[in-house]
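The opening position of the sequence shown corresponds to residue 256 in the working numbering, with each subsequent residue numbered one higher.
Virtual Cβ for every residue (Gly too), placed ideally from N, Cα, C.
A quick note: this is a predicted structure, and the numbers were derived from the prediction, not measured.
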Amino acid sequence: MILVFGGTTEGKKVASFLDEAHIPYYYSTKTKVSFQGKGIPIYGALTKYELEQFCIVNNIKCIVNASHPFAEVLHETVDAIEITIPIIRFEREFTARVKHELVTYTNSYEESLSEFNQRGYKSLLALSGVQTITKLKSYWESNKSWFRILDRYVSRSIAKKANYPSSQLLFGYPQNVEEETNLYKKLQPDAIFTKESGINGKLDQKISAALATKIPIIILKKPLLSNRYLCMNSIEELHQKIIEYIE
């Protein structure tokens with residue numbers, strides 16, 4: 256039995272492969288989502304102890320972590336388990352970092368906030384997701400901002416709990432370069448903030464639109480992973496490894 260942490264495009268790819276290979280698996284997500292695969296869906300965050308017990312009781316042969324690049328708590332929880340079990344990180348593709356005077360990469364939210372303040376940005380368009388609203392609260396309490404979030408109940412609830420002004424919420428997914436450019440022109444923020452979310456997160460489009468409108472863009476780097484993870488983004492390589500682990 257395989258344990259897959261999903262909730263992403265990568266998670267769906269892994270589930271689809273396991274379905275086709277007739278390999279049984281659990282598909283774990285933090286919140287309940289629609290799941291069409293043949294695996295067994297489970298929901299809710301797991302502690303280190305709960306994860307260890309789950310793996311032992313269900314005879315898990317391998318963990319495939321295909322969750323979001325910024326699911327840091329999950330990454331650390333999986334890394335911390337004290338049982339001997341192979342751990343694979345199935346990643347999305349990331350393009351090379353862009354070198355341009357309008358593009359800045361930061362290592363933390365604190366460093367990002369410092370950049371906003373040092374450069375005197377008085378307005379910000381955040382394309383970093385609803386979970387970053389609380390992270391950037393010290394900025395938006397005193398400055399104009401907009402956050403683009405998914406149009407769903409959970410996201411609205413998180414924003415409301417943080418007391419973020421509903422009138423400054425934008426709903427939807429990243430768009431093509433033209434639509435992103437039109438949005439930036441319409442709002443005219445002093446800066447744009449986003450995460451290093453890779454090709455699936457349409458980071459390239461966000462950067463291209465920022466350069467086209469000559470608006471500085473601050474990008475939070477994806478978290479580094481423990482070397483306990485075997486990282487890959489190829490289904491062929493994943494197939495080879497999983498067969499090796501379950502035989």
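- In the DSSP assignment, C486 forms a beta bridge with R344.
- For the region 372-460, the continuous alpha helix (DSSP H) assignments of 4+ residues that do not extend past its boundaries occur at 392-395, 408-416, 432-442, in sequence order.
- In the three-state reduction of the DSSP assignment, V269 falls in the helix class.
- One Cα belongs to Q443, the other to R403, and the distance between them is close to 15 Å.
- V432 is the residue among N455, Y484, G266, V432 whose C-alpha sits nearest the C-alpha of A467.
- Beta-bridge annotation (DSSP): V312 is not paired with any residue.
- Here V319 is bridged, per DSSP, to V259, I343.
- Within the same chain, K316, C317, P341 come within 6 Å of Y500 by CB-CB distance, once the 5 residues on both sides are set aside.
- The residues V432, E435, T436, Y439, in chain order, have a CB closer than 7 Å to that of A464 in the same chain once the five nearest residues on each side in sequence are set aside.
- Secondary structure of S367 (DSSP, three-state): helix.
- Per DSSP, the continuous alpha helix (DSSP H) segment holding V333 begins and ends at 327-335.
- Here T387 is buried. Its C-beta has 16 or more other C-beta atoms within 10 Å.
- Assignment of I501 by DSSP, reduced to helix, strand and coil, places it in the helix class.
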